[in-house]
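Our numbering applies: residue 199 is where the sequence shown begins, and numbers increase by one. Just so you know, even glycine gets a beta-carbon here, dropped at the ideal spot from N, CA and C. Since we're looking at a predicted model, the values are computed, not measured.
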Amino acid sequence: MSSRISLTRYLVEQQREHGHIPAQLRLLIEVVARACKSIAISVNKGALGEVLGSAASENVQGEVQKKLDIISNEVLIEANEWGGHLAAMASEEMDSIHVVPNRYPQGEYLLLFDPLDGSSNIDVNVSIGTIFSVLRKVNNQRGISEEDFLQPGKQQAAAGYCVYGPQTTLVLTMGTGVAMFTLDRETGSWVLTEDQVRIPEDTKEFAINMSNMRHWDAPVKRYIDECLQGKEGPRGKDFNMRWVASMVADVHRILTRGGVFLYPWDKRDPDKPGKLRLMYEANPMAFLVEQAGGLATNGRQRIMDLVPGKLHERVAVVLGSRNEVQRATDYHLNPPA
Ligand code: AHG
Ligand code: MN
Ligand code: MN
199 MSSRISLTRY LVEQQREHGH IPAQLRLLIE VVARACKSIA ISVNKGALGE
249 VLGSAASENV QGEVQKKLDI ISNEVLIEAN EWGGHLAAMA SEEMDSIHVV
299 PNRYPQGEYL LLFDPLDGSS NIDVNVSIGT IFSVLRKVNN QRGISEEDFL
349 QPGKQQAAAG YCVYGPQTTL VLTMGTGVAM FTLDRETGSW VLTEDQVRIP
399 EDTKEFAINM SNMRHWDAPV KRYIDECLQG KEGPRGKDFN MRWVASMVAD
449 VHRILTRGGV FLYPWDKRDP DKPGKLRLMY EANPMAFLVE QAGGLATNGR
499 QRIMDLVPGK LHERVAVVLG SRNEVQRATD YHLNPPA
């Protein structure tokens, strides 16, 4: 048991090795991990904790909020306000940014989160999660505003998620690979269970919401149609399909055994670039996937190169095993004449 590596020890040793975790960033990661532990406790209580069902409110995207969306958002805000590591926070569940109140010292970092990903799975007891992204406050000349958050994903200092499933797992990158920690409920500690996670370059498993097929664009139709043709088709192999409808769970499977995940633009709402949110979902997942050797694009460009125009911007997402993402992206960039 003495060989177990806790999250705290991992962060200390990473700092010794790479020198890339300033004290404020370490505190930030530890505080987010602690908040996730508290969200996990609420999730586990379920009906006994009266946390299931909808709240009587909508978020900025016009989605009905679940009670756990609001609880998780509050847990993350309260945990992160007072430590002096943050200047401000932004969340999928808040219309505008939350600046750290004057009574607390202002830190160097900006934290963005999807407090509860997979909301439609809460009440049916299927894996859900929390996704987070960390940016540095670049401009020190003035107070903090939404503009400070509009940085491309490649500038993230750290990113990760926690999946509340059969196990509670925290997955983290600070730009030197991806590590996974499993929550030991008996000791309350996060234990390192996978280091330097790698996504296989090839896969036979895709994840997409097939019910939207009739709304897809030609390159996505072509890519999925070829997968569906299996051994007899141009790909010469049978594919399997999985769709959890919680991005955290789908990405966790891909980090564990490979696969490709697509939430493409579609014709249901042609003015929106996609369903998923660039800053709270796509960027942090793209950072993790790239750090594990995979790729993440919007069908045409690398997700982490996109410069956000607004906080709640949406984006199309293709991510996972390198060769499949490359193929789906090629189909968009070089459609047959
Ligand atoms: P959220 O619960 O934070 O709104 O995110 C849900 C997202 C994502 O997790 C998932 O991949 C996708 O929506 C599911 O979409 P469908 O409802 O189209 O399956
Ligand atoms: Mn989400
Ligand atoms: Mn959410």
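- Exclusion of the five residues before and after I295 leaves A286, A288, E344 as the residues of its chain whose Cβ lies within less than 6 Å of its Cβ.
- For P313, the enclosing beta strand (DSSP E) has its first and last residue at 307-315.
- Near ligand 2, meaning a Cβ closer than 6 Å to any of its heavy atoms, lie the following residues in chain order: D312, D315, M445, E479.
- Judged by beta-carbon spacing, F485 lies within the 8 Å limit of G351, meaning their Cβ atoms are closer than that value.
- With contact defined as three or more Cβ pairs closer than 8 Å, the stretch 304-318 and the stretch 266-273 are in contact.
- In the three-state DSSP reduction, L348 falls in the coil class, being neither helix nor strand.
- At least one heavy atom of ligand 1 falls within 7 Å of the beta-carbon of S318.
- A distance of 8 Å or more separates the beta carbons of V298 and L308.
- A straight line joining the alpha-carbon of I237 with that of F404 spans about 29 Å.
- DSSP places K419 in the uninterrupted alpha helix (DSSP H) bounded by 416-426.
- A distance below 6 Å between beta-carbons, with the five flanking residues on each side excluded, links K473 to the following residues of its chain, in chain order: Y461.
- G428 and K402 have their C-alpha atoms spaced approximately 10 Å apart.
- DSSP, reduced to helix, strand and coil, places V376 within a strand of the structure shown.
- Distance from the Cα of K435 is smallest, within the candidate group A357, L426, I239, S201, for L426.
- Burial of A480 is indicated by the presence of at least 16 other C-beta atoms within 10 angstroms of its C-beta.
- Here L531 is not near A494, since their CB atoms are 8 Å or more apart.
- Cβ-Cβ distances below 6 Å link V395 to V376, L453, A490 in the same chain, with the five nearest sequence neighbours on each side left out; the list follows chain order.
- Counting C-beta pairs closer than 8 Å gives three or more between the stretch 228-237 and the stretch 271-279, which meets the contact rule.
- DSSP places A356 in the uninterrupted beta strand (DSSP E) bounded by 356-362.
- Distance check between E256 and each of E291, N496, V515, T366 places E291 closest, using alpha-carbon atoms only.
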